[in-house]
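Structure, as structure tokens:
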Amino acid sequence: MASNLRNSSLQKWSIIIFASLLGFTLFILPVIASSIYSFQKPGGKGYSFISYTWLLHQAGFFPSVGTSLKLAVLAGILNISLMVPTMVYLNFTGQKLKPLVDFICILPLVIPVVSLAIGAQNAMPSFLQNTQYELVFFFVIIGLPFTYRTLDTALQAISLKTLVEASRSLGASWIRTIIRVIVPAIRGGITGALFLTFALSIGEYTITSLLHWETFPTWTVVASQQNILGAIALSVFSFVSAIALLATVALFSKKGARQVGVDQ
Amino acid sequence: MGAVEAQSRVRSSSRSSGVLPLLPFFAFTGFFLLWPVVAVTLKSLKGKNNEWTLDNFRPIIHSGPYFHSFIVSIKLAIITASIGSVVGAFFAFVIVTYVGGRLKNVLDSISAVFANSGGVPLAFMFIAAFGSNGLATKFIRFLGYDIYAGHFTIFSFTGVVLVYTFFQAPLMILVFQPAISGMRKEWREASTNLGASALTYWRRVGIPILLPPFIGAFFLLFAGGFSAYATARALTSGTVSIVPIVIGALVDGNTQASQANLGASLAVGMIVVALVIMIGYVWAQKSTAKWRQT
């Protein structure tokens, strides 16, 4: 028995060590390597912030960041406003239509985004095609698979029926019930869904470039043709800040963090 | 169970139930998701003079480059989904079995970032890390192996495979974890009590149960690898001719009507492949559900 235990603990630790090494090589090493690289001086030895400061002097930098932030915030808000009532209703009432909504929400993962973009070019009325805000709607679409899972998990973790019935029988309207009772109860899930939609929107390239708009990612690709080090610095910055942000959220929120991600 | 059902039926009759509250959702996804798909399909079936035709699909089947782009895309999807699902499943197993609490939350969140970071930043980070002068390349060379000794460059097909693995494996970690968490301790105990070794347990219980969700996750990864555009575009500036890049070139270039229709037919071709994958995914989900019930 004792040797058995020792055996299994040996096995356990060798698996953990192997996994850590593999994880380090596959995921951490590229991040560290590119981070260090982004501080290298062009062509020569030594390190500096030169690639980062180069960015700030580019005419397109602030406008494209501004556009991306604006669109991402709008997409996050629209996503939540659409999906929270939908998911609350689905989870509260009979679940008859839930499989259908589930199916529709997985579609953006399956239908190639390129095809969706080409379709959008043909299908969208011209007043929408003439404004960059058309992207917001498609950012919401590509966020759906994640929002659905995240909100569904959050709603199943609370006693939705009791909360709704209590609130309704006290005379609150549906809207009031959602805003005052349910939203606070599933804060964690909503934050997670918001963050994910925001992150996806900030990084979205395919639809944006095929519909010929300029946001942060498409600008980065154009800028890379002038200065690859600048593009690397930009990429490292956006990637590392995304990780830092989500890791912090995960570390400090007990309930909410678990709902970040594709919790199927 | 019956009482609860009856109760909920009473409740639902007392309230204005129906599809009305779901209307915004259906309207939104109908207009911004389904309608574009229908529109691109219609366009692919239209000829130069707006007549119905299947001509736009002819180049995909007959002409070398377009047919070839589908082969390259499918190959890329199969290779990266295979590597990603095996590596990701291993990490999912380790995380579920040995990691708990806040560290698990952090790992999950990092996986979410990695899984969704398939995009422009990833491409440039990998150029920095695995380019011919990249620091990871130098580090590996220092360890005694020169990845540039053969034909490898980060801007090639193999390079794209490497970068895709970086987001495919974390996606697998996310989607496969629930399947592993669903494995009951009792199953292991029961099989041990019946005298089974660890190997027998995995062969007779573990793998048969995990296989359907594994295949389902594989299909999901396939779909992701098949349709990814940004990373390959930024990494190779369009030299690895996967379908999305060919479509992008058609759309970006001086768009003649015939080319636009060809772009549409390529887009529909991608949807068709994706739908086949979806059928596989749904099948796998059903098999998973069957296991869960019993």
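Here the protein sequences come in this chain order: A and B. Okay, so the first sequence: first residue is 1 according to my numbering, each after it adds one. Okay, so the second sequence: first residue is 265 according to my numbering, each after it adds one. Glycine is no exception: its CB is placed at the ideal position from the N, C-alpha and C atoms.
> By the criterion of Cβ-Cβ separation under 9 Å, what are the contact partners of ASN122 of chain A in chain B?
Replying inline: In chain order: PRO300, ALA303, VAL304, LEU306, LYS307, ALA524, ALA528.
> What residue does the alpha helix (DSSP H) around TYR37 of chain A start on, and which one ends it?
Replying inline: Where TYR37 of chain A is concerned, the enclosing alpha helix (DSSP H) stretches over 29 to 38.
> Do you know how far the Cα of SER9 of chain A is from the Cα of ALA538 of chain B?
Replying inline: In a straight line, the C-alpha of ALA538 of chain B is about 44 Å away from that of SER9 of chain A.
>> Let me confirm a value: GLN225 of chain A is counted as buried when at least 16 other C-beta atoms fall within 10 Å, else exposed. Which label applies?
In response: With fewer than 16 other CB atoms across the displayed protein chains lying within 10 angstroms of its CB, GLN225 of chain A is exposed.
>> Which complete alpha helix (DSSP H) runs does the segment 483 to 548 of chain B hold, if anything under 4 residues is left out?
In response: Every alpha helix (DSSP H) of 4 residues or more that sits fully in the segment 483 to 548 of chain B is shown, in chain order, as 494 to 500, 507 to 516.
>> For TYR47 of chain A, tell me which candidate among A:ILE80, A:SER38, A:GLN156 has the shortest Cα-Cα distance.
In response: Closest by alpha carbon: A:SER38.
> ALA462 of chain B: buried (16+ other C-beta within 10 angstroms of its C-beta) or exposed?
Replying inline: Burial call: exposed.
>> Which of the three DSSP states is assigned to TYR47 of chain A in this structure?
In response: TYR47 of chain A falls in the strand class under three-state DSSP.
> Going along chain A, which residues have a C-beta under 7 Å from MET542 of chain B?
Replying inline: From the beta-carbon of MET542 of chain B, the residues of chain A found nearer than 7 Å are VAL110.
> For GLY282 of chain B, which option in A:PHE92, A:PRO184, A:ALA19 has the closest C-alpha, if you only look at C-alpha atoms?
Replying inline: Taking only the C-alpha atoms, the option nearest GLY282 of chain B is A:PHE92.
> Got a sec? Which residues, its chain only, sit under 7 Å from ALA244 of chain A by beta carbon, not counting five neighbours each side?
Replying inline: Taking ALA244 of chain A as the centre and dropping the five residues before and after it, the same chain places no C-beta closer than 7 Å to its C-beta.
> Taking the alpha carbon of GLY203 of chain A as the point to measure from, which residue in A:LYS45, A:ALA59, A:THR67 has its own alpha carbon closest?
Replying inline: Across the set A:LYS45, A:ALA59, A:THR67, the C-alpha of A:THR67 shows the shortest separation from the C-alpha of GLY203 of chain A.
> If you drop the 5 nearest sequence neighbours on each side, which residues of the same chain put their C-beta closer than 7 Å to that of ARG448 of chain B?
Replying inline: In the same chain as ARG448 of chain B, and ignoring 5 residues on each side of it, no C-beta atom comes closer than 7 Å to its own.
> Is there contact between the segment 186 to 197 of chain A and the segment 151 to 162 of chain A, where contact requires at least three CB pairs shorter than 8 Å?
Replying inline: They touch, by the three-pair rule.
> Out of A:LYS12, A:ALA120, A:LEU22, A:ALA33, which has the shortest C-alpha to C-alpha gap to VAL236 of chain A?
Replying inline: Here the closest residue by C-alpha is A:ALA33.
>> Check this for me: beta carbons of VAL84 of chain A and ILE178 of chain A, under 8 Å apart or not?
In response: Yes, they are a contact pair.
> Quick one, are the C-beta atoms of ILE232 of chain A and SER51 of chain A less than 8 Å apart?
Replying inline: One thing to note: ILE232 of chain A has its Cβ within 8 Å of the Cβ of SER51 of chain A.
>> Here's a check: name, in chain order, each residue in its chain whose Cβ is nearer than 7 Å to the Cβ of ALA242 of chain A, leaving out the five neighbours to either side.
In response: The beta carbon of ALA242 of chain A sits closer than 7 Å to those of ALA199, all from its chain and outside the five residues before and after it, given in chain order.
>> Beta carbons nearer than 8 Å to chain B: which residues of the segment 175 to 207 of chain A have them?
In response: Contact residues of the segment 175 to 207 of chain A toward chain B are LEU196, ALA199, LEU200, GLY203, GLU204, TYR205, THR206 (C-beta to C-beta distance below 8 Å).
> the segment 47 to 64 of chain A: which residues have C-beta closer than 9 Å to a C-beta of chain B, in chain order?
Replying inline: Flagged: no residues at all.
> Is there a Cβ from chain B that is less than 8 Å from the Cβ of ILE16 of chain A?
Replying inline: It does: the Cβ of ILE16 of chain A has a partner Cβ on chain B nearer than 8 Å.
> What's the call for LYS307 of chain B, buried or exposed, on a 16-neighbour Cβ count within 10 Å?
Replying inline: With 16 or more Cβ atoms within 10 Å of its Cβ, LYS307 of chain B is classed as buried.
>> Going by beta-carbon coordinates alone, are LEU399 of chain B and ILE36 of chain A separated by less than 8 Å?
In response: With respect to ILE36 of chain A, LEU399 of chain B sits close: the two C-beta atoms are nearer than 8 Å.
> If you drop the 5 nearest sequence neighbours on each side, which residues of the same chain put their C-beta closer than 8 Å to that of VAL240 of chain A?
Replying inline: Correct list, in chain order: VAL31, SER35.
> VAL377 of chain B CB to nearest chain A CB: under 8 Å?
Replying inline: Taking Cβ atoms only, chain A reaches closer than 8 Å to VAL377 of chain B, which makes this a yes.
>> For TRP316 of chain B, list the residues DSSP reports as bridge partners.
In response: The partner list for TRP316 of chain B (beta bridge, DSSP) reads B:LYS310.
>> What does the alpha-carbon distance come out to for the pair GLU453 of chain B and ARG322 of chain B?
In response: When rounded, the distance between both Cα atoms is 58 Å.
> Among B:SER551, B:PHE296, B:ASP516, which residue has its Cα nearest to the Cα of LEU135 of chain A?
Replying inline: Residue B:PHE296 is the option with its Cα nearest to LEU135 of chain A.
>> Does the structure place the segment 95 to 115 of chain A close enough to the segment 137 to 144 of chain A that three or more beta carbon pairs sit under 8 Å?
In response: Touching, per the Cβ criterion.
> Within this structure, are the beta carbons of GLN432 of chain B and GLY488 of chain B separated by less than 8 Å?
Replying inline: In contact: GLN432 of chain B and GLY488 of chain B (Cβ atoms closer than 8 Å).
> Where are the alpha helix (DSSP H) runs, 4 residues long or more, that stay fully inside the segment 409 to 450 of chain B, in chain order?
Replying inline: Taken in chain order, the complete alpha helix (DSSP H) segments of 4 residues or longer contained in the segment 409 to 450 of chain B are 421 to 445.
> Under the rule that 16 or more other beta-carbon atoms within 10 Å means buried, what is GLN40 of chain A, buried or exposed?
Replying inline: When all chains shown are included, GLN40 of chain A counts as buried.
> So is TYR37 of chain A in contact with chain B if we call contact Cβ pairs under 8 Å?
Replying inline: True, the Cβ-Cβ gap to chain B drops below 8 Å.
>> So the candidates are A:GLY192, A:TRP219, A:ALA172, A:PHE195; which of them puts its Cα closest to the Cα of TYR205 of chain A?
In response: If we check each option's Cα against that of TYR205 of chain A, A:TRP219 comes out closest.
> Going by other Cβ atoms of all chains shown within 10 Å of its Cβ, with 16 needed for buried, is ILE541 of chain B buried or exposed?
Replying inline: That one is buried.
> Which whole-angstrom value is the C-beta distance of THR429 of chain B and GLY423 of chain B, which I expect to be below 8 Å?
Replying inline: Actually they are not in contact, since the Cβ atoms of THR429 of chain B and GLY423 of chain B sit about 11 Å apart, beyond 8 Å.
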